[in-house]
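**Q** To start, I am sharing the structure in question, which I have written as structure tokens.
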């Protein structure tokens with residue numbers, strides 16, 4: 005295994021009002037001859053206002069099925085052969101799927117996220133789910149960087165509130181989870197020290213935000229850069245020390261056992277941040293800071309807020325405590341399910 009591996013992605017990143025109006029110019033400047041649009045039915049109805057007139061009528065268009073699964077990746081890899089560029093419009097699972105497909109085909113990829121819900125558009129890692137779309141089954145690391153990421157701030161600011169909250173919760177997890185990996189004794193490498201600074205930025209910039217709808221131009225750019233660029237850079241610079249810990253283990257357990265209605269990825273991860281702090285113990289100040297922020301902005305504080313019944317907590321604890329759960333065991337070695345259950349039960353109050 006390579007000990008000091010840095011992944012820089014994307015090759016180009018633009019966060020600018022009106023940037024999508026320049027897509028034809030961007031495509032021409034980069035010499036692409038045969039682009040294809042990848043999106044879904046919901047996004048297809050939303051994006052025309054931000055694009056040049058009749059843009060979607062000028063390119064072939066393929067629809068994403070809705071989940072980042074091996075079957076969907078195989079289908080799209082076959083369907084998109086012969087194109088030299090994928091223009092991907094959508095959310096995190098579409099971005100993750102587009103990255104694998106572009107990597108399989110060795111073609112360019114321009115990711116255009118329509119939700120500020122996570123940093124998936126930028127990273128070289130895709131999370132894969134079961135065919136039912138409920139349970140994470142693995143991750144795929146791409147060999148090529150994303151060619152370009154384009155952010156239209158107004159489109160993202162106008163996203164449905166749960167997806168904005170998702171981005172907030174997922175970005176905060178960079179600090180609350182990964183600070184346990186990037187500890188003071190691991191900052192001798194400058195890349196690790198920079199990664200640690202990025203964790204602090206993820207916390208400080210997000211905790212500044214109250215009503216995201218009222219952000220001015222500079223504040224909005226900083227807010228989106230934090231969710232996308234800064235958060236994704238932790239994955240690229242810190243390598244294995246940039247991996248998530250308990251908040252995402254909580255999310256994976258939730259997706260396995262929760263039936264029916266669900267909250268967004270980042271909203272569940274946000275509650276997972278509180279779960280991790282409870283498990284760590286003696287984190288009174290961090291808990292108060294985060295609980296106060298959750299209360300102020302509308303993030304979950306209890307399992308009821310994510311529609312989770314307490315009957316699943318024991319199963320979730322056993323799932324999180326599995327010896328092969330590397331993301332947990334590397335930070336909490338030999339932790340047992342009873343310790344985890346006790347921390348989970350504190351989220352009932």
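In our numbering, the protein residues as written are 5 to 353. Glycine is no exception: its CB is placed at the ideal position from the N, C-alpha and C atoms. Keep in mind it's a predicted model, so treat the numbers as computed, not measured.
#1: Closer than 6 Å by C-beta to residue 243: which residues in its own chain qualify, once you throw out the five before and the five after it? Chain order, please.
#2: With residue 87 as the anchor, note down where its beta strand (DSSP E) starts and where it stops.
#3: Just checking my contact of residue 36 with residue 89 at CB under 8 Å: how many whole Å lie between their CB atoms?
#4: So, for residue 258: in the same chain, excluding its five sequence neighbours on each side, which residues have a beta-carbon less than 6 Å away from its beta-carbon?
#5: Within the continuous alpha helix (DSSP H) that includes residue 111, where are the two ends?
#6: Evaluate the contact criterion for the segment 57 to 72 versus the segment 30 to 48: three or more CB pairs, one atom per stretch, below 8 Å.
#7: Spatial neighbours of residue 178 within its chain, please: CB distance less than 7 Å, with the 5 preceding and 5 following residues excluded, ordered by chain position.
#8: Run through DSSP, which three-state label would residue 129 get?
#9: Since residue 39 is in the beta strand (DSSP E), which residue starts that stretch and which ends it?
#10: Assess, as a yes-or-no matter, whether the segment 285 to 301 is touched by the segment 328 to 339 under the definition of 3 or more beta carbon pairs within less than 8 Å.
#11: Count the other CB atoms within 10 Å of the CB of residue 131; is the residue buried (16 or more) or exposed (fewer)?
#12: Run the CB neighbour count on residue 120, radius 10 Å, all protein chains shown included, and call it buried at 16 or more, exposed below.
#13: With a threshold of 8 Å on Cβ separation, who are the neighbours of residue 300 within its own chain once the five nearest residues in sequence on each side are excluded?
#14: Kindly list the residues whose CB is nearer than 7 Å to the CB of residue 354, restricted to its own chain and excluding five residues on each side of it in sequence; keep chain order.
#15: With a threshold of 16 other CB atoms inside 10 Å of the CB of residue 141, please say whether the residue is buried or exposed.
#16: What is the DSSP secondary structure of residue 120, counted as helix, strand or coil?
#17: Does DSSP classify residue 227 as helix, strand or coil?
#18: Return yes when the Cβ of residue 226 is within less than 9 Å of the Cβ of residue 171, no when it is not.
#19: Nearest to residue 96 by alpha carbon, out of 232, 253 and 302?
#20: Pull up the distance between the alpha-carbon of residue 48 and that of residue 161, whole angstroms please.
#21: By Cβ distance, which residues of its chain are closer than 8 Å to residue 287, with the 5 residues on each side in sequence left out?
#22: CA-CA distance, residue 13 and residue 199?
#23: If we require 4 or more residues per run, which alpha helix (DSSP H) segments fall completely within the segment 275 to 341?
#24: Using only CA atoms, which one of 343, 348 and 303 lies nearest to residue 315?
#25: Of the choices 217, 139 and 125, whose alpha-carbon is the least far from that of residue 164?
#26: Excluding the five sequence neighbours on either side, which residues of its own chain have a C-beta within less than 8 Å of the C-beta of residue 264, listed in chain order?
**A** If we stick to the structure as given:
#1: Along the chain shown, read from residue 1 onward, the residue named residue 243 stands at position 239. Hits under 6 Å: 9.
#2: Within the chain shown, residue 87 is the residue found at index 83, counting from 1. Where residue 87 is concerned, there is no enclosing beta strand (DSSP E), given that its DSSP letter is neither H nor E.
#3: Numbered from its first residue, the chain shown carries residue 36 at position 32. Numbered from its first residue, the chain shown carries residue 89 at position 85. With 8 Å as the limit, residue 36 and residue 89 qualify as a contact, their Cβ atoms being about 4 Å apart.
#4: The residue given as residue 258 occupies position 254 in the chain shown. Same-chain partners within the cutoff: 272.
#5: Position 107 of the chain shown holds residue 111. Segment: none, residue 111 is in no alpha helix (DSSP H) and carries neither H nor E.
#6: yes
#7: As a first step, residue 178 is located in the chain shown; it is residue number 174 there, counting from the start. These residues qualify, in order along the chain: 203, 206, 235 and 238.
#8: Translated into positions along the chain shown, residue 129 becomes position 125. Residue 129: strand per DSSP, three-state reduction.
#9: The sequence position of residue 39 within the chain shown is 35, counting from 1. That run of the beta strand (DSSP E) goes 39 to 43.
#10: no
#11: Counted from its first residue, the chain shown places residue 131 at position 127. Its Cβ being crowded by 16 or more others within 10 Å, residue 131 is buried.
#12: For the purposes of this step, residue 120 is taken as the residue at position 116 of the chain shown. With 16 or more Cβ atoms within 10 Å of its Cβ, residue 120 is classed as buried.
#13: Taking the chain shown and counting its residues from 1, one reaches residue 300 at position 296. Once the five neighbours on either side are set aside, the close Cβ partners of residue 300 are 214.
#14: What the structure shows of the chain is the stretch from 5 to 353, and residue 354 is not part of that stretch, so it cannot be assessed.
#15: Translated into positions along the chain shown, residue 141 becomes position 137. Exposed, by the Cβ-count rule.
#16: Along the chain shown, one-based indexing puts residue 120 at 116. Correct three-state label for residue 120: coil.
#17: Position 223 of the chain shown, counted from the start, is the residue given in the question as residue 227. Of the three classes helix, strand and coil, the one that applies to residue 227 here is helix, per DSSP.
#18: Stepping through the chain shown from its first residue, residue 171 is reached at position 167. Stepping through the chain shown from its first residue, residue 226 is reached at position 222. Taking 9 Å as the Cβ cut-off, residue 171 and residue 226 do not qualify as a contacting pair.
#19: Counted from its first residue, the chain shown places residue 96 at position 92. Closest by alpha carbon: 232.
#20: Sequence index remark: in the chain shown, residue 48 carries index 44 (1-based). Sequence index remark: in the chain shown, residue 161 carries index 157 (1-based). If I take the Cα positions, the gap works out to 18 Å.
#21: On the chain shown, position 283 is the one that residue 287 refers to. 281.
#22: The residue given as residue 13 occupies position 9 in the chain shown. The residue given as residue 199 occupies position 195 in the chain shown. The alpha-carbon atoms of residue 13 and residue 199 are separated by roughly 15 Å.
#23: 288 to 301, 317 to 324 and 330 to 333
#24: Indexing the chain shown from 1 puts residue 315 at position 311. For residue 315, the nearest C-alpha among the options comes from 348.
#25: What you label residue 164 is simply residue 160 of the chain shown in a count that begins at 1. The candidate whose alpha carbon is nearest that of residue 164 is 217.
#26: Translated into positions along the chain shown, residue 264 becomes position 260. Taken in chain order, the residues that qualify are 311.
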